[in-house]
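Take a look at the structure set out below.
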Amino acid sequence: MSEATERPDADAWATACEEDLQQEQARRRAQYGPPPASAAEEFRKLFDVVADKLSSFQSSLPGMAAQSAVQQFVNQAKSAVEPVIERNPQVFDHLAAAGDELLAAYRSAVEGHERRWTQRPSGTGDLKDADDPRDEGPGPSEHIDLD
Numbered sequence: 002m003s004e005a006t007e008r009p010d011a012d013a014w015a016t017a018c019e020e021d022l023q024q025e026q027a028r029r030r031a032q033y034g035p036p037p038a039s040a041a042e043e044f045r046k047l048f049d050v051v052a053d054k055l056s057s058f059q060s061s062l063p064g065m066a067a068q069s070a071v072q073q074f075v076n077q078a079k080s081a082v083e084p085v086i087e088r089n090p091q092v093f094d095h096l097a098a099a100g101d102e103l104l105a106a107y108r109s110a111v112e113g114h115e116r117r118w119t120q121r122p123s124g125t126g127d128l129k130d131a132d133d134p135r136d137e138g139p140g141p142s143e144h145i146d147l148d
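Its first residue numbered 2, the sequence shown is counted upward by one per residue in the working numbering.
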């Protein structure tokens with residue numbers, strides 16, 4: 002037996018997995034488009050848009066001092082934000098996930114109240130009990146739109 006058949010390539014499995022992963026990613030990009038940016042990148046884009054908007058306002062401000070103050074504020078904010086984004090991009094992913102969880106909890110609470118407010122109590126023709134403080138809220142024709 003030769004040495005090549007006795008000892009298979011130790012990285013062959015890793016190489017095959019990497020190739021499969023790359024093919025799957027290419028297939029998904031073709032089918033669904035590019036993946037969304039990370040929360041840190043999205044925050045950076047938002048910050049850049051806000052900074053550009055503030056910079057565009059500075060031309061409408063009277064006086065060089067006001068224009069200079071706006072530009073200085075934008076530059077200081079960028080110099081404070083950029084290192085945070087660079088060192089801790091995962092923080093923004095965690096904040097985005099926490100925001101999603103808070104939104105889900107809020108929706109769950111509001112949908113439960115909405116259901117209770119819009120359902121008739123069984124056996125009565127009355128929609129609300131005037132003595133029950135939990136029955137305060139929108140009537141049956143009102144819908145709370147969360148989206």
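Every residue, glycine too, gets a C-beta built ideally from N, C-alpha and C. Quick caveat, the model's predicted, so the values are computed rather than measured.
Do residue i and residue j have their C-beta atoms within less than 7 Å of each other?
i	j	result
Val82	Ser56	no
Phe44	Phe93	yes
May I have the straight-line CA-CA distance separating residue i from residue j, to the nearest angstrom?
i	j	result
Gln77	Ala40	22 Å
Met2	Asp12	With a pLDDT of only 46 at Met2, under 50, the local geometry of the prediction cannot be trusted, and the value read off the model is given with reservation. Straight-line Cα distance between these residues: approximately 21 Å.
Asp53	Arg117	46 Å
Arg88	Asp101	23 Å
Gly34	Ala97	22 Å
Gln84	Pro90	This sequence places Pro at residue 84; Gln is not what is there. Straight-line Cα distance between these residues: approximately 10 Å.
Ala31	Glu25	10 Å
Pro37	Gln68	36 Å
Return helix, strand or coil for residue i, following the three-state DSSP convention.
i	result
Met2	With a pLDDT of 46 at Met2, under the threshold of 50, the modelled position of this residue cannot be trusted; read the value that follows with caution. It is coil, neither helix nor strand.
Pro35	coil
Asp49	helix
Pro84	helix
Asp12	coil
Can you give the beta carbon distance from residue i to residue j, rounded, assuming they're within the 8 Å contact cut?
i	j	result
Val50	Phe58	About 13 Å; that fails the 8 Å criterion.
How is the alpha helix (DSSP H) around residue i delimited, first residue to last?
i	result
Asp101	90-119
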